[in-house]
Amino acid sequence: MAVSILQAMFSGLALGSIYALVALGFNITHNTTKTFNFGQGEFLVAGAFIAVSVLLLLAGHDFKGSLQQAEVTLARYGLSLIATVVIMGLLGVVVYYAAIRPFIGQGGLAWVMSTIGFGIIIQNIALAIWGPSPMVMPSPLGSEVLRIGGAGVLPQEILVLCVSIALMLCLDVVMRKTRLGKAVRAVAQSSSAATLMGINVTAIVVLAFVVSASLAGIAGLLIAPITTASVFMGLTLALKAFSSAIVGGLSNPRGCMLGGFLLGLIEAMVGLWHAELREISIFLLIIFVLVLKPEGLLGQRVVEKV
Amino acid sequence: MRQYKHLFGVVAFAALVGLIPVITDNGFYLKVLFLIGVNYLAAAGLNVLVGYAGQKSLGHAGLFAVGAYTAALFTAKLGWNPWLAFAAAGAMAGLFGVVIALPALRVRGPALAMVTIGFGVVVEKVVSEWQDVFAGQQGIYGVLPLTFAGQPLDARQWVWLVLALGVAAHLMLRFLLRGKYGRAFMAVNTAEVAAESVGVSVYKYKVLAFVISAVTCGFAGALITQQNQYINSDFITFNLSVFFLLIVLFGGRSVYGPLLGAVVLTLLDAFLARWPGLQHFTYGALLLFALYAMPNGLSGAFAALFRRIRWYERRAVGPERAPIGAWQSQASGEALAGGEVLLRTQGLYKAYGGVVPTNNLDIEIQSGHVHSLIGPNGAGKTTLLNILSGIVPPSKGSIEFRGKSIVGQPVYRICNLGLGRTFQNLKLFADMSVIDNVKVGLHQHIRTGFWAYLLGLPAAARDEARATEQALQILQFLGLQEHARALAGSLPYGLQRRVELARALATRPTLLLLDEPAAGLNPQETAQLVEVIRSIRDLGITILLIEHHMDLVMAISDHVIVLDYGEKIAEGAPLAVQGNPRVIAAYLGTDDEEEDAAPAALGESHV
């Protein structure tokens, strides 16, 4: 029993770090523009498939096909990560200019609809390119199960955990210690005041969408070896990532990380007990949090001015 | 008259559509017609939620599923009568509508959209993974179809059935949305705080909108299931939720929007069904680009072409002018004898972190008087008004209004007790006409209930006519009658302030709180305002106002309360307060040399 709990904890943390990455993507654009990409899940899908294709091309295959374990080395995995970040970053710019910017400041949540529309378009393009069947991406660290305290852990799970924690630490330091981070936080507080202080707000906002899209892409690349890449996995993942953000506090990056890990753990533990209750338990948790602490665990309550 | 014209139009339309199944027995055409009807039904309800109440839901596939599976399980597993199961499907979906509405009371905007997506996904998972009950992808066979004279409906009868249901839904929702309920939904949509402050319970109307949309969506699900005699989990997808929402957004916010949307998108859907990949791609593209091209949907685009004037807008205000005396006597009917204590606070305290905008305040408001609340910026005047009207809960202390404690009461209930207010930063329902703004204020005095409105009973029509008359009287009282038909948001600033006053008066307050009524007014308008406030007082309405125009304060106040840093530093008759050294110090600082010159300065300038 203890062993299976330990095992569930590892996979929960790995999954949770994926949620945390995507949730951070929600956080950074929400803080700077009060909007975010509802198609984030589809971006994650795109990231995963782009990475598989890059790996295939690096191995000398067509962009579609199946990969052998030996063809995925750490170096190639790293290269595909860079390629994914570049392409997804560009996509972030596109989504900002096509689906966010025209609707910012408009009532009626037009940007919610437009980003969902954008996500559906991305999903169907992916469907047209790669087809509906899932693609297997071997982990660069192999698939041999490691034993930690008796619990079986996939090496990819450890990689996911390490890479995402490293990324989060980086982001945290950048946001807190650098000039750029200060500018981003200034825009988050008040974009009009930030403009007056000579900060290029548009550049910061575009950067936020680039980072957000890249994070989703990286999350896709990291999770693909665990779950295989499927065109239809986006919605649920994005939803859980957003749930993490709500639980932890959408306005607080550290809250988003905490929420991600928390949700991953809860999901793994509930899955141990009754696999079909995972989604319901998360939804119940959300309602619970909304009732007790609508601003999230680490979020700040916004006082509405009347 | 116009009512009958509309009815005639609907009957003619229904007769025309009803003829189609007589002319053709092409199964495909009949199926498409049936689907248009079903989609219209779902969208008509969803329009109440999205278009009127302004709550975006992306989880209505979940409610569709509730209706579909209720009909399926109740007939196939429990052997219920198909019509009974059909009715149960609507009821069950309505019940789940309450469930999905609960988070909506806590979160707004994008977070709400996300939570509704969550609801849809959970339902999708439940029906696809809980095999024992819902049979997942395999599906439930043997669902009983609806019957007529003991026989299952044929393809033609299904079309006639959805046509009848569609007409019924259209008529009922039209009755509902043209009156008190439609106004309340719109008010909740545009300014929640303002809606509460004129006596509309935001809570109640949000839940109601969710339930209405859930019921029609549940019926839609039951219709599809009972017509196919089969349902499986593949029906229930996020794309279905998007499709429903798309119909509403594409159609636009009008009672006819869902029909336009349902016709166009169902036909498009049928046309694109051959290329499934392209189908969803098109929805994505439509969602993205329809918003650029037609932010108000198809019906909005049409309406811009044929700008229609609603019935009361054509009504001449001149000869039909009702005597305002009737309204005045009603307005003052509840007024108390002068000189009683109407409102009393004791030890009222509120802190935001280290800032204490309200510090142990004891105030008394005498009925029949005009009280002014003055003090430098940041003294906590607006916070006090917000606490009194229930928008901000106090940390400590008691408020007694007409002998009852109102601490912790919801804002709309405090309003119903007779406490009306206006806002410093105008909170009008900008997209509604001036007269509709005032009629929202009359909301709580229109006693006819939901069912009477839904069924278009004469009582509802009578109450609406009476509300229109009263609203016109109030507008006339404030000299706004010629603007009755204008959109509130389109008026100049000074008039908008007066519309807000009219709206507050419509709630028939015994105590009226005015937050800087003269802010932004020119000297002439300010002088008029003094007259208006006097005549309101003469109606027997007690007034508490915040103002920076000292000449206005001095001219009309019976009693002045001075706040500084959340504390009451002085109160009394205007002249006494004017000379009070603490007041002068608060406004001008404590520099000894200036103290002598100060009272004169206070008397004339705007501080």
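Chains A and B supply the protein sequences, listed in that same order. Counted from 1, the first sequence has number 248 at position 248 by the working numbering; the numbering is strictly sequential. So the mapping is simple: the working numbering equals the position in the second sequence, first residue as 1, plus 1000. Using N, Cα and C, we set each Cβ at its ideal position, and we do this for glycine too.
- Residue environment analysis places A:N124 among the buried positions, since at least 16 neighbouring C-beta atoms fall within 10 angstroms of its C-beta.
- At least one beta carbon of chain A lies nearer than 8 angstroms to the beta carbon of B:L1287.
- For B:T1237, the secondary structure class from DSSP, reduced to helix, strand or coil, is coil.
- For B:G1347, the enclosing beta strand (DSSP E) begins and ends at 1341-1352.
- Taking the Cα positions, A:I266 is about 19 angstroms away from A:S164.
- Residue burial annotation: B:K1180 is buried, with at least 16 other C-beta atoms found within 10 angstroms of its C-beta.
- Residues L55, L58 of the same chain have their beta carbon placed closer than 7 angstroms to that of A:R76, with the five preceding and five following residues left out of the count.
- Contact of A:N124 with chain B is assigned, a C-beta pair being separated by under 8 angstroms.
- Taking the C-beta atoms as reference points, A:L21 is found no nearer than 8 angstroms to A:A245.
- For B:L1348, the number of other beta carbons within 10 angstroms of its own is at least 16, and it is reported as buried.
- The C-alpha of B:S1405 lies about 6 angstroms from the C-alpha of B:I1399.
- The continuous stretches of beta strand (DSSP E) do not include B:Q1138, and DSSP gives it neither H nor E.
- By the CB criterion at 8 angstroms, A:M88 and A:A216 fall inside the cutoff.
- Counting the other CB atoms within 10 Å of its CB gives A:N31 a total of 16 or more, which places it among the buried residues.
- With a cutoff of 8 angstroms on beta-carbon distance, A:L24 and A:P294 are scored as not near each other.
- When C-beta distances to chain A are compared with 8 angstroms, the residues of the region 1124-1150 of chain B below that value are K1125, V1126, E1129, W1130, in chain order.
- At a beta-carbon threshold of 7 angstroms, the residues of chain B lying near A:V112 are K1056, P1110, A1113, ordered along the chain.
- B:H1369 is bridged by DSSP to nothing; it lacks a bridge partner.
- In this structure, B:L1426 lies away from B:E1525, with their beta-carbon atoms at least 8 angstroms apart.
- At a cut-off of 8 angstroms between beta-carbon atoms, A:A99 makes contact with chain B.
- Of all residues in the region 242-268 of chain A, those with a C-beta nearer than 8 angstroms to a C-beta of chain B are F242, S243, I246, L250, reading in chain order.
- The contact set of A:L239 on chain B, defined by CB atoms closer than 8 angstroms, consists of M1114, I1117, G1118, V1121 in chain order.
- Per the C-alpha coordinates, the member of B:H1369, B:D1132, B:G1120 positioned closest to B:L1539 is B:H1369.
- Annotated as proximal: A:F103 and B:L1291, with beta-carbon spacing under 8 angstroms.
- Considered as a whole, the region 1029-1083 of chain B harbours 1060-1076 as its complete alpha helix (DSSP H) runs of no fewer than 4 residues, in chain order.
- Runs of the alpha helix (DSSP H) lying entirely within the region 1095-1146 of chain B and spanning at least 4 residues, in chain order: 1109-1129, 1131-1134.
- Here the C-alpha atom of B:A1135 lies approximately 7 angstroms from the C-alpha atom of B:S1128.
- For B:Y1069, no Cβ of chain A is located within less than 8 angstroms of the residue's own Cβ.
- Residue pairing by DSSP places B:V1355 opposite B:Y1352 in a beta bridge.
- Looking only at A:E276, A:S230, A:L154, the smallest Cα-Cα distance to A:V45 is reached by A:S230.
- Less than 8 angstroms separates the beta-carbon of A:V270 from that of A:R278.
- Under the three-state reduction of DSSP, B:S1557 is assigned to coil, being neither helix nor strand.
- Annotated three-state conformation of B:I1023 is helix, per DSSP.
- Beta-bridge partners assigned by DSSP to B:Q1151: B:F1148.
- When the alpha-carbon of B:V1248 is set against those of B:G1566, B:G1045, B:H1006, B:R1534, the nearest one is in B:G1045.
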